[in-house]
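Chemist: Numbering (this note's numbering), first residue to last: 407 to 672.
Given below as structure tokens:
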């Protein structure tokens, strides 16, 4: 019985888990207690279906009441008519003492929430978008500033080009807020970086529990006779800049040739 009517007369069935009043979605239980949500029919998308077999991102229409009521905001309203950015409280992990956001089944990733892995064979990285990880082609939104390849933070730009970041709420502090509106100096708890296990070494561990100096293997630049560490696209920073300048020169030469050909025809 729900809202005074039984399921035979239009009432929705409650979850059969003891003490739970949520609506049963599948097999008599709610999503919190194991019912699986339908996912978007778009290939590689794990978002929840909203309408017509699609999620909001891939075409499902949403009503005005589902959009954040803050001016000029198009994000989805979470609670109280606003999105998380504009004050909707985030659901926290149900494990006692944990302040991380709940991802699914009421827990965070650290306490067992399932996260989709990259679909590329043999890869154990987490999928970012399109069902794959960054290494296997997941595209991240880049800064809209000309010639900038940094990741966009907000407003379509990176921090270097004006993306605003939250500042610590402590008086006279301009550090970036990490958690709970404060920086590390004023109480924010953040995951500590792993330190090299070699005695007396305080350098950050890269892999195998050790730093590069003490044997951690890192991918090197694929350019011949270059021993620098590869950063992106299999090349180091120096050869990445070289490749970009060559591409720009070729593009300029091509444009010049096209312009000359047009002038000759005229």
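For every residue, glycine included, the Cβ atom is placed at its ideal position computed from N, Cα and C.
(1) Would you decide whether residue 571 is buried or exposed? Buried here means 16 or more other CB atoms lie within 10 Å of its CB.
(2) Tell me residue 445's beta-bridge partners as DSSP assigns them.
(3) For residue 557, is the classification buried or exposed, using 16 other Cβ atoms within 10 angstroms of its Cβ as the cut-off for buried?
(4) Going by C-alpha distance, which of 564, 540 and 516 is nearest residue 548?
(5) Count the other CB atoms within 10 Å of the CB of residue 533; is the residue buried (16 or more) or exposed (fewer)?
(6) What number of angstroms, rounded off, separates the C-alpha of residue 541 from the C-alpha of residue 629?
(7) How many Å lie between residue 550 and residue 626 at the Cα?
(8) By the 10 Å Cβ neighbour count, where 16 or more other Cβ atoms means buried, how is residue 522 classified, buried or exposed?
(9) Taking the C-alpha atoms as reference points, what is the distance between residue 431 and residue 554?
(10) Apply the 10 Å Cβ neighbour rule to residue 641 and answer buried if 16 or more other Cβ atoms are within range, or exposed otherwise.
(11) In whole angstroms, give me the CA-to-CA distance for residue 579 and residue 488.
(12) Only counting the same chain, and skipping five residues up and downstream in sequence, which positions put a Cβ closer than 7 angstroms to that of residue 560?
(13) Run through DSSP, which three-state label would residue 625 get?
(14) Under the three-state reduction of DSSP, which class applies to residue 523: helix, strand or coil?
(15) When the Cα atoms are used, what is the spatial distance from residue 592 to residue 516?
(16) Distance, Cα to Cα, residue 537 vs residue 456?
(17) Would you kindly work out how many angstroms separate the C-alpha atoms of residue 463 and residue 479, rounded to a whole number?
(18) If you drop the 5 nearest sequence neighbours on each side, which residues of the same chain put their C-beta closer than 6 angstroms to that of residue 445?
(19) Using alpha carbons as the reference points, say which of 620, 497, 622 and 450 lies closest to residue 525.
(20) Excluding the 5 residues preceding and the 5 following residue 405 in the sequence, name in chain order all residues of the same chain whose CB lies nearer than 7 angstroms to its CB.
(21) Am I right that residue 518 and residue 500 are in contact with their C-beta atoms under 8 angstroms? What's the rounded C-beta distance?
(22) Suppose you measure from the CA of residue 634 to the CA of residue 587; what does that come to, to the nearest Å?
Modeler: This is what the structure holds:
(1) exposed
(2) 454
(3) exposed
(4) 564
(5) buried
(6) 19 angstroms
(7) 30 angstroms
(8) exposed
(9) 46 angstroms
(10) buried
(11) 28 angstroms
(12) 569 and 570
(13) coil
(14) strand
(15) 24 angstroms
(16) 19 angstroms
(17) 15 angstroms
(18) 452
(19) 450
(20) In this structure the chain extends from 407 to 672, so residue 405 is not present and cannot be described.
(21) Not a contact, Cβ separation roughly 11 angstroms.
(22) 39 angstroms
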